[in-house]
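Everything below concerns the one structure shown next.
Protein chains: 2
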Amino acid sequence: MISKNQLKLLRALGQKKQRKTQGLFLVQGEKNVLELVNSPLTVKQIFATTEFLAEHRPLLPFECIEASLDELTKASTLVSNNAAIAVVAIPQIEVPKAQGLMIALDGVSDPGNLGTIIRVADWYGIKHIVASSDCADPYNPKTISATMGSFGRVTVSQLDLPAYLQQTGLPVYGAFLEGESVHKTQFAAEGILLMGSESHGVRQSAAQYVTDKITIPAFGGAESLNVAMATGIILDNMRRQNG
Amino acid sequence: MISKNQLKLLRALGQKKQRKTQGLFLVQGEKNVLELVNSPLTVKQIFATTEFLAEHRPLLPFECIEASLDELTKASTLVSNNAAIAVVAIPQIEVPKAQGLMIALDGVSDPGNLGTIIRVADWYGIKHIVASSDCADPYNPKTISATMGSFGRVTVSQLDLPAYLQQTGLPVYGAFLEGESVHKTQFAAEGILLMGSESHGVRQSAAQYVTDKITIPAFGGAESLNVAMATGIILDNMRRQNG
Chain A
109 MISKNQLKLL RALGQKKQRK TQGLFLVQGE KNVLELVNSP LTVKQIFATT
159 EFLAEHRPLL PFECIEASLD ELTKASTLVS NNAAIAVVAI PQIEVPKAQG
209 LMIALDGVSD PGNLGTIIRV ADWYGIKHIV ASSDCADPYN PKTISATMGS
259 FGRVTVSQLD LPAYLQQTGL PVYGAFLEGE SVHKTQFAAE GILLMGSESH
309 GVRQSAAQYV TDKITIPAFG GAESLNVAMA TGIILDNMRR QNG
Chain W
109 MISKNQLKLL RALGQKKQRK TQGLFLVQGE KNVLELVNSP LTVKQIFATT
159 EFLAEHRPLL PFECIEASLD ELTKASTLVS NNAAIAVVAI PQIEVPKAQG
209 LMIALDGVSD PGNLGTIIRV ADWYGIKHIV ASSDCADPYN PKTISATMGS
259 FGRVTVSQLD LPAYLQQTGL PVYGAFLEGE SVHKTQFAAE GILLMGSESH
309 GVRQSAAQYV TDKITIPAFG GAESLNVAMA TGIILDNMRR QNG
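Residue numbers (my numbering), protein chains in the order written: chain A, 109 to 351; chain W, 109 to 351.
Below you can see the structure in the form of structure tokens.
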């Protein structure tokens, strides 16, 4: 059973301010909760249905509290069925050293897009994302949900993006409509892929550090691609050269 | 002003059964509504704010009805601000001849995913999508919204997919985890890209017609990619060889 105070905490963690104050975030849904087993994250508690615990309890070295699906739905920020909710400590992340392939995000404010970018980054073996401070919160429940479990394998550091880009010695590949086709670009083995928001693109404050403007060639009528989609397609082009 | 009967119609068109009965669907939001100007679709009416009409009325050769943002929000199936809603006739689409590059979808039931696939198909110049009858409705408001205007340039035919694939003379490239890397595949100039749902993959009834199993090579820890993302990445690989 979920106590009144626990319910209050779970609900509070839907808000960014509360997540910051408490140093906690929510991981919801069967797949995402099970990913915690192999992650370095510190799990405080798991609330889950009898069925979920019957199947997975032996795998979970965490405090587990049984709850009905109805209670979990009430506590959840997700609409769909939710067999498990974990309360997890927000980890201390060191700002990553600029090395290997990395992603930088400028003003990507939609949590679903950020989560999808984390997932595709994980697919292509990217370990670190640096994001401007006005990007979506990496610990937003919608972000976590969209990562489909990849939140434990990719770090997202919110920071002063122009300052970070200024000090990096790596090539910065910025996505611009007028850039060079990614089908023709020679990518270096190490570099930062800089993506802007769908509505504003990469802003000048970050764009000034771009060393190579790149673009995805268009063959039809669409004016643009979703930022997560564009990130995935460019990563595929980078990895085909530097797997 | 939106009359009571008009409001009833707009609300009804949120439901698939009603769309079928009435032969109508909704196009919502500024960008999508403006796309109708250059599309071959038959627009019945546009409901829009004074501001929208002041800016765009001369461009719109349609019956336009002024409505407040409040009225439009009540009539809309979208949550966000909605300056315009169009009522549009569902077009008669002929089943496309198998030629050029095409997409086939097997059991892709999420309307947002279908809309995103339509958008990226349009980017890569794909004109026709054939979809199993249990795919999401191409006229679902969520599908239309996710196309970001591409709904007017790409046709989606719901049909008996195995029967369609059986009679096509084209290579059928099916996405399977165990397929050949798309970085190494030699794609023919014409062919059908067959994608399955995220949960069930391509089902046997369609899989039996696959001539080439392909996959997106993974470099990290994610187990899968979203079906729309995977479609976009594979299309990019096809078009780099056959632009």
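By construction, the Cβ of each residue, glycine as well, lies at the ideal position given by its N, Cα and C atoms.
Task: Three-state secondary structure assigned by DSSP to Gly223/A - done: helix
TODO: Give the residues of chain A in contact with Asp230/W, contact being defined as C-beta atoms less than 7 Å apart.
DONE: Gly328, Gly329 and Ala330, listed in chain order.
Task: Residue-chain proximity (Ile225/A, chain W), Cβ-Cβ < 8 Å - done: Chain W contact via Cβ: absent.
Open item on the list: Would Val196/A and Val135/A be called neighbours here (beta carbons separated by less than 8 Å)?
Closed with: Contact: yes.
TODO: Could you tell me whether the Cβ atoms of Ile237/A and Val290/A are closer together than 8 Å?
DONE: no
Task: Distance CB(Asn334/A)-CB(Phe295/A) smaller than 8 Å - done: no
TODO: For His308/W, name the three-state secondary structure that DSSP assigns.
DONE: coil
Open item on the list: Can you tell me where the alpha helix (DSSP H) holding Phe160/A begins and where it ends?
Closed with: Thr158 to His164
TODO: List the residues that DSSP assigns as beta-bridge partners of Glu174/A.
DONE: Ala156/A
Open item on the list: Rounded to the nearest angstrom, what separates Pro219/W and Pro246/W at their Cα positions?
Closed with: Rounded to the nearest angstrom, the two C-alpha atoms are 7 Å apart.
Open item on the list: Any beta carbon from chain A within less than 8 Å of Met210/W's own beta carbon?
Closed with: no
Open item on the list: One question on the structure: do Gly257/W and Lys139/W come within less than 8 Å of each other, judged by their Cβ atoms?
Closed with: yes
Open item on the list: Measuring straight from C-alpha to C-alpha, what distance separates Thr255/A and Lys124/A?
Closed with: 18 Å
Open item on the list: Assuming Arg347/W and Phe327/A are in contact, meaning their beta carbons sit under 8 Å apart, how far apart are those beta carbons, in whole angstroms?
Closed with: In this structure Arg347/W is in contact with Phe327/A, their Cβ atoms being roughly 6 Å apart against a cut-off of 8 Å.
Task: CA nearest to the CA of Ala336/W, picked from Lys116/W, Ala156/W, Ala330/W and Gly304/W - done: Gly304/W
Open item on the list: Whole angstroms are fine: how far does the CA of Ser241/A sit from the CA of Gln207/A?
Closed with: 21 Å
TODO: Taking C-beta pairs closer than 9 Å, name the residues in chain W that Gly351/A reaches, listed in chain order.
DONE: Correct list: His291, Pro325 and Phe327.
- [ ] Give me the Cα-Cα distance between Thr339/W and Cys243/W, rounded to the nearest whole angstrom.
- [x] 15 Å
Open item on the list: Looking at Pro249/W: is its Cβ nearer than 8 Å to the Cβ of Leu186/W?
Closed with: yes
Open item on the list: List, in chain order, every chain W residue whose beta-carbon is nearer than 8 Å to that of Met346/A.
Closed with: Within 8 Å Cβ-Cβ: nothing; Met346/A doesn't reach chain W, min ~10 Å.
Task: Closest by C-alpha distance to Pro204/W, when choosing among Pro325/W, Gln266/W, Thr224/W and Pro166/W - done: Gln266/W
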